[in-house]
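In what follows, a structure is listed as C-alpha cells, so that the remarks can point back to it.
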Amino acid sequence: MIVLDKPAGLLAVPGRGPDKQDCLSARAQAKWPDALVVHRLDMATSGLVVMARGIEAQRQLSRAFEQREVHKRYTAVVAGTLRNPQPDNGWNTIDLPLTIDWPNRPRSIVSAELGKPSVTRWRLAGAPTDDDHTTRLELEPVTGRTHQLRVHLQAIGHPILGDMLYATPEQQARAPRLLLHAHQLSLPHPQHGDTVHFHSPCPF
Numbered sequence: 000m001i002v003l004d005k006p007a008g009l010l011a012v013p014g015r016g017p018d019k020q021d022c023l024s025a026r027a028q029a030k031w032p033d034a035l036v037v038h039r040l041d042m043a044t045s046g047l048v049v050m051a052r053g054i055e056a057q058r059q060l061s062r063a064f065e066q067r068e069v070h071k072r073y074t075a076v077v078a079g080t081l082r083n084p085q086p087d088n089g090w091n092t093i094d095l096p097l098t099i100d101w102p103n104r105p106r107s108i109v110s111a112e113l114g115k116p117s118v119t120r121w122r123l124a125g126a127p128t129d130d131d132h133t134t135r136l137e138l139e140p141v142t143g144r145t146h147q148l149r150v151h152l153q154a155i156g157h158p159i160l161g162d163m164l165y166a167t168p169e170q171q172a173r174a175p176r177l178l179l180h181a182h183q184l185s186l187p188h189p190q191h192g193d194t195v196h197f198h199s200p201c202p203f
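Counted from 1, the sequence shown has number 180 at position 181 by numbering that gives the first Met the number 0; the numbering is strictly sequential.
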C-alpha cells in the first residue's frame with residue numbers, strides 16, 4: 000500500500016472534464032502503476048490518503064473500511080467558541096442522519112426522513128480562543144458520508160472556517176482554504192494484518 004499526504008485544492012480522483020484529470024490518484028499511478036483507489040478526501044481537505052498496490056490489497060483495505068477497522072482523525076478550526084461539556088476533554092458525539100441535497104449538489108443536508116445514519120465524534124484540540132471566536136477541534140468520523148464532518152459542524156452552529164459550501168461568506172473569508180486536515184490514519188496492513196499508524200502534521 001501507499002500512504003499519501005494530499006494538499007488542499009487537489010482532487011483525490013479524476014473529475015468530469017479534461018480540466019479535472021490532474022489528481023492525487025493519477026499522480027500516484029504515474030509512479031506506481033498498480034496503485035488503486037480505496038477511499039478519498041474532499042478536494043478542499045488536506046491530509047492522509049491510502050492507496051492499494053494491486054487488486055488483492057485493494058480488496059483487503061476496502062474490507063477494513065467496510066468493517067470499520069480503519070480509524071481516521073482530523074483537525075479542524077471552526078467558527079465560534081465551542082466548550083467541551085465532557086470532563087477531561089472526553090469525546091462528544093454528533094449523531095445526525097445525512098443525505099445528498101440533490102437540487103443543490105454537491106451539498107449534503109441533515110434529513111431525519113431520507114438521511115443515512117451518520118456519526119462524528121469531537122473534542123477540543125486546544126483551548127478555545129475567545130479573542131477571535133474560533134475553536135480548534137479533533138474529529139473522528141465513525142461513518143463516512145459525503146461532507147460528513149463539514150455538515151455536522153455546520154448543523155451544530157460551528158462551520159469550518161474557509162468552507163465554501165457550508166460556511167457564511169464572513170466565515171469563508173476568515174481562512175485562505177478549508178481548515179480541515181486528516182492528520183491521523185490507523186489501519187490493518189493488507190499483507191500481515193498488524194495495525195499500522197500514520198501521522199501528518201497539521202499545516203494550519
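Just so it is clear, CB atoms sit at the ideal spot from N, CA and C, and this is done for glycine as well.
- request: Name the one or two DSSP bridge partners that residue 187 has.
  value: Looking at the DSSP assignment, residue 187 forms a beta bridge with 194.
field: The beta strand (DSSP E) enclosing residue 159, as first and last residue numbers
entry: From DSSP, residue 159 is part of no beta strand (DSSP E); its letter is neither H nor E.
task: Using beta-carbon positions only, say whether residue 159 and residue 75 come within less than 7 Å of one another.
output: The criterion of a C-beta distance shorter than 7 Å is satisfied by residue 159 and residue 75.
query: On the three-state DSSP scale, how would you describe residue 152?
result: Here DSSP, grouped into helix, strand and coil, assigns residue 152 to helix.
message: My assumption, with CB atoms under 8 Å, is that residue 51 sits in contact with residue 37. Please give the rounded CB distance.
response: Your pair residue 51 and residue 37 checks out as a contact, with CB atoms roughly 5 Å apart and the cut at 8 Å.
- request: Return the Cβ separation of residue 181 and residue 40 in integer angstroms, given the expectation that the two are a contact with Cβ distance under 8 Å.
  value: Contact between residue 181 and residue 40 holds: their C-beta atoms lie close to 6 Å from each other, under 8 Å.
Own chain residues within Cβ distance below 8 Å of residue 79, not counting five before or after: Only residues of its own chain outside the window of five on either side were considered, and among them 132, 133, 134, 156 and 157 have a CB closer than 8 Å to the CB of residue 79, listed in chain order.
- prompt: Are there 16 or more other CB atoms within 10 angstroms of the CB of residue 164, so buried, or fewer, so exposed?
  reply: Classification for residue 164: buried.
message: Using only the alpha-carbon positions, how far apart do residue 172 and residue 77 sit?
response: Our two residues, residue 172 and residue 77, have alpha carbons roughly 13 Å apart in a direct line.
- prompt: What residue from 178, 118 and 61 has the CA that sits closest to residue 73's CA?
  reply: Nearest in C-alpha terms to residue 73, of all of 178, 118 and 61, is 178.
message: To the nearest angstrom, how far is the alpha carbon of residue 82 from that of residue 9?
response: If I take the Cα positions, the gap works out to 33 Å.
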